[in-house]
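*Asks:* The following block contains the structure, expressed as structure tokens.
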Amino acid sequence: MNPSLVISTPGAKRWTVQKPDETIVAHLCEALKVSRPICQLLALRGITTYEEAKTFFRPQLEQLHDPFVMKGMTEAVSRIAEAVEWHERILVYGDYDVDGTTAVSVVYDYLRRHYPDLRDDSLAYYIPHRYREGYGVSKDGIDYAREHGYNLIITLDCGIKSAELVRYAQSFGIDVIICDHHLPDEELPKAFAILNPKQPGCPYPFKELSGCGIGFKLVQAMCMHWKQPLENAYRYLDLVATSIAADIVPIDGENRVLAFYGLKQAAENPSIAIQTLKKMAGVTRAMTISDLVFVIGPRVNAAGRMDDAKKAVALFTTEDPVEVQRIADELQSDNTDRREKDRETTEQAMEMLRNDATRESRKSTVVYDPDWHKGVVGIVASRLVEKFYRPTIVLTQSNGKVSGSARSVMGFNIYEALHACRDLLEAYGGHFYAAGMTLLPEKVETFRNRFEEVVAGSIAPELLTPEINIDAVLPLSAIKPAFFNLLHQFEPFGPGNSRPVFLSRGVHDYRGLSRVVKDAHIRFVVHDKNGVSMDGIGFGLAEKFPYVQTGPFDMVYSVEENEFQGAVRLQLKVLDVRPSY
Ligand SMILES: [Mn+2]
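With my numbering as the guide, the letters of the sequence shown map in order to residues 13 to 593.
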């Protein structure tokens, strides 16, 4: 972690200027012969040498790690090979979200294509129903395997916490291969093989693969085992990139290579599914990570949220364009339903909070309505975090139990907070920033108070103010096409490699040309003391317009390209402004 300088103004956003290691910056400037701000960005991303910079700027598929380094891979591949050879029945089992359904699609589609013997019902996939069965390996799923004579189950994006159910499967002579990326419990399932770089003793060098990423490594390993061209695995990279984007895993290391080539494929040679979803959403430009998150992700997730996630796998593994279009239409309509419910629920939750006299003094938000749709509580929690910036839980009820989703603010571990309330919960699980839980209806009030106590007692006060991390301080004169071209090579952006944010100090409105648009945003024309002027747009910044009028002011922004009437120009996407000191 780099030591950083915190500038704090009450009531404003926190601007944190990152401080890279100066020795490394100096070394990179010398070795790379590029401008200092670029070297600062590299140093902040953990790059210290010419070689590392080269790897970063020129991702290569050869940089992917050998899948056989992963603990359990040799066993998994030989067991699957054996199953293929002996015409055993294989069930590919995965979670209902984007990561799970893309993972199942990759492994199922690969097996189906390369082993025609396994066609028909000797190879099948199974996605548990989000509400009837819930997350992870289900008893229903195993009973399904048993009743249909499947003797090998490959679990994807789940299974690592299912020791009990793996035992249950084995009691019927069903072997289980687990491919998961979630943090294991102390007791690992006694599966035939476990692929999970986070398990103790796994030497695999990159720990942050998505669930679909693990499925991809398995396919890559099978390609190597059967001496097939690796293209048979690479064809799934658009799905892997989709999972990386949707599951919010860091886009550095191996994930960056996978995401880079996955986006390239989505742009140049997409699967019919991605192409169809893209067209329906009206996206004409090359796909970005945000498109995967905001365009593809919700449509795939909508299937599991509103109906049945099997549709998502059907979409990704069907070759007939007419059929793909039909499924995509269904997903589109699920997504429209989902959006309507989302809007309604957010509205109701906001209203509840506006009427809550204790809101101002609380450090957390817990809202509950037994009639809300289970499929949108997570999204609504995220929206409430955006609006009120507190660790947030949204609860609803189904089948006599209350369940909900938790979302956190930057830097606060919400999973730990739930863990501290565990005596009030029936079940809980999740990560640092997002988690889920179930509890009994009569415990909701006690839980609401306890959660507030836990958050209030442990959260650092500054975490309740949103933070903007600034990569470098720049004069406006530094923003030139050549500079932008280098910035462009930092893509794809995402967690672990955010779009660079810059700070320019002491800028002025240029000749009164900056103005408020649509009552909410500011269109900027700014210049600095060197007479360089730039255009910019600041969404939702209208209330800060007085700073712009009275100037000079400081401004944080990212740089983007704006195409207008055929001409491409650089423009600043302004994130915040404040008066210069
Ligand atoms: Mn996952």
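Using N, Cα and C, we set each Cβ at its ideal position, and we do this for glycine too. These figures come from a predicted structure and were not determined experimentally.
Taking 7 Å as the cut-off, is the CB of G225 close to at least one heavy atom of ligand 1?
*Replies:* G225: no, Cβ never under 7 Å from ligand 1.
*Asks:* Please tell me whether, using a cut-off of 7 Å, the distance from the CB of D169 to the nearest non-hydrogen atom of ligand 1 is below it.
*Replies:* Yes - ligand 1 has a heavy atom lying nearer than 7 Å to the Cβ of D169.
*Asks:* Take every Cβ of the stretch 249-265, pair it with every Cβ of the stretch 220-237, and state whether three or more of those distances are shorter than 8 Å.
*Replies:* Yes: at least three Cβ pairs fall under 8 Å.
*Asks:* Let's test the definition: count the other Cβ atoms within 10 Å of the Cβ of T329 and tell me whether it reaches 16, buried, or not, exposed.
*Replies:* Answer is buried; the Cβ neighbour count reaches 16.
*Asks:* I need the straight-line Cα distance from M567 to D33, nearest angstrom please.
*Replies:* Cα to Cα, the separation comes out at about 24 Å.
*Asks:* Quick check on this structure: which residue in A324, A315, M85, E145 has the alpha carbon closest to the alpha carbon of D121?
*Replies:* When each option's Cα is compared against that of D121, the closest is A324.
*Asks:* I'd like to confirm something about S117: is its beta-carbon nearer than 7 Å to some heavy atom of ligand 1, or not?
*Replies:* S117 Cβ: outside cutoff for every heavy atom of ligand 1.
*Asks:* How many angstroms separate the CA atom of D341 from the CA atom of C41?
*Replies:* In a straight line, the C-alpha of D341 is about 52 Å away from that of C41.
*Asks:* Along the beta strand (DSSP E) that carries R70, what are the first and last residues, could you check?
*Replies:* No beta strand (DSSP E) contains R70, which DSSP labels as neither H nor E.
*Asks:* Count the other CB atoms within 10 Å of the CB of V334; is the residue buried (16 or more) or exposed (fewer)?
*Replies:* Exposed.
*Asks:* If I measure Cβ to Cβ from A253 and keep anything under 7 Å in the same chain, skipping five residues before and after, which residues do I get?
*Replies:* If we look at A253 and ignore the five residues flanking it on each side, its Cβ neighbours are L270, A271, G274, L275, A278, L304.
*Asks:* Helix, strand or coil for D187, going by three-state DSSP, please let me know.
*Replies:* If DSSP states are grouped into helix, strand and coil, D187 belongs with the strands.
*Asks:* Take V467 as the anchor and find which of S134, F502, K83, V421 has the nearest alpha-carbon.
*Replies:* Taking only the C-alpha atoms, the option nearest V467 is V421.
*Asks:* For G597, which three-state DSSP category applies?
*Replies:* This structure does not reach residue 597, given that the chain is present from 13 up to 593, and the question cannot be answered.
*Asks:* Opposite E479 in the DSSP bridges: which residues?
*Replies:* The partner list for E479 (beta bridge, DSSP) reads R26.
*Asks:* Should V529 go down as buried or exposed, given a rule of 16 or more other Cβ atoms within 10 Å for buried?
*Replies:* By the neighbour-count rule (16 or more Cβ atoms within 10 Å), V529 is not buried but exposed.
*Asks:* Ligand 1 heavy atoms versus the CB of S417: any closer than 7 Å?
*Replies:* Every heavy atom of ligand 1 is 7 Å or more from the Cβ of S417, so no.
*Asks:* Kindly give me the distance between the Cβ atoms of A181 and A88, rounded to whole angstroms, as I take these residues to be in contact under 8 Å.
*Replies:* Contact doesn't hold; Cβ gap of about 16 Å is too wide.
*Asks:* Please go through the same chain and pick out, in chain order, the residues whose beta-carbon is closer than 7 Å to the beta-carbon of I36, but skip the five residues on each side of it.
*Replies:* These residues qualify, in order along the chain: A55, T60.
*Asks:* Once the 5 residues before and after R395 are set aside, which same chain residues still bring their CB inside 6 Å of it?
*Replies:* Around R395: T358.
*Asks:* Would the beta-carbon of S222 be found less than 7 Å away from any heavy atom of ligand 1?
*Replies:* At least one heavy atom of ligand 1 is nearer than 7 Å to the Cβ of S222, so yes.
*Asks:* Could you tell me how far apart the beta carbons of A24 and R590 are, in whole angstroms, since I believe they sit closer than 8 Å?
*Replies:* With 8 Å as the limit, A24 and R590 qualify as a contact, their Cβ atoms being about 6 Å apart.
*Asks:* If you run the structure through DSSP and keep just helix, strand and coil, what is F502?
*Replies:* In the structure shown, F502 sits in coil (DSSP, three-state: anything other than H, G, I, E or B).
*Asks:* Can you check the stretch 217-275 for any alpha helix (DSSP H) of at least 4 residues that lies completely inside it and give the ranges in chain order?
*Replies:* Fully enclosed alpha helix (DSSP H) runs of 4 or longer: 223-237, 243-246, 249-258.
*Asks:* Under 8 Å by Cβ, that's how I've got Y137 and V116 pegged, so tell me the actual separation to the nearest angstrom.
*Replies:* The Cβ separation is near 5 Å, so the contact holds.
*Asks:* Around the Cβ of E464, are there at least 16 other Cβ atoms within 10 angstroms (buried) or fewer (exposed)?
*Replies:* That one is buried.
*Asks:* Within 7 Å: the Cβ of H193 and any heavy atom of ligand 1?
*Replies:* H193: yes, Cβ under 7 Å from ligand 1.
*Asks:* So T450 packs on V414, CB below 8 Å; how close in whole Å?
*Replies:* Sure, about 7 Å apart at Cβ, within 8 Å.
*Asks:* State buried or exposed for A532, treating a residue as buried only when at least 16 other CB atoms are found within 10 Å of its CB.
*Replies:* Result: exposed.
*Asks:* Among the candidates R402, E398, Q360, whose CA atom is the shortest distance from the CA of E372?
*Replies:* Looking at the Cα atoms, R402 is the closest of the given residues.
*Asks:* Between V513 and the rest of its own chain, which residues show a CB-CB distance below 8 Å, the 5 nearest in sequence each way excluded?
*Replies:* The residues are I480, N481, I482, D483, V568, Y569, S570, L587.
*Asks:* My output table needs one value for Y427: the three-state DSSP class, helix, strand or coil.
*Replies:* Three-state DSSP puts Y427 in a helix.
*Asks:* Can you list, in chain order, the residues of its chain with a C-beta nearer than 8 Å to that of M546? Leave out the 5 residues immediately preceding and following it.
*Replies:* If we look at M546 and ignore the five residues flanking it on each side, its Cβ neighbours are L488, I491, F536, V537, V538, H539, L582, Q583, L584.
*Asks:* Between the beta-carbon of F444 and the beta-carbon of N425, is there less than 8 Å?
*Replies:* Closer than 8 Å, so yes.
*Asks:* Do G506 and I263 have their C-beta atoms closer together than 8 Å?
*Replies:* Yes, Cβ-Cβ distance for G506 and I263 is below 8 Å.
*Asks:* Specify the secondary structure class of H39 as computed by DSSP and reduced to three states.
*Replies:* Three-state DSSP puts H39 in a helix.
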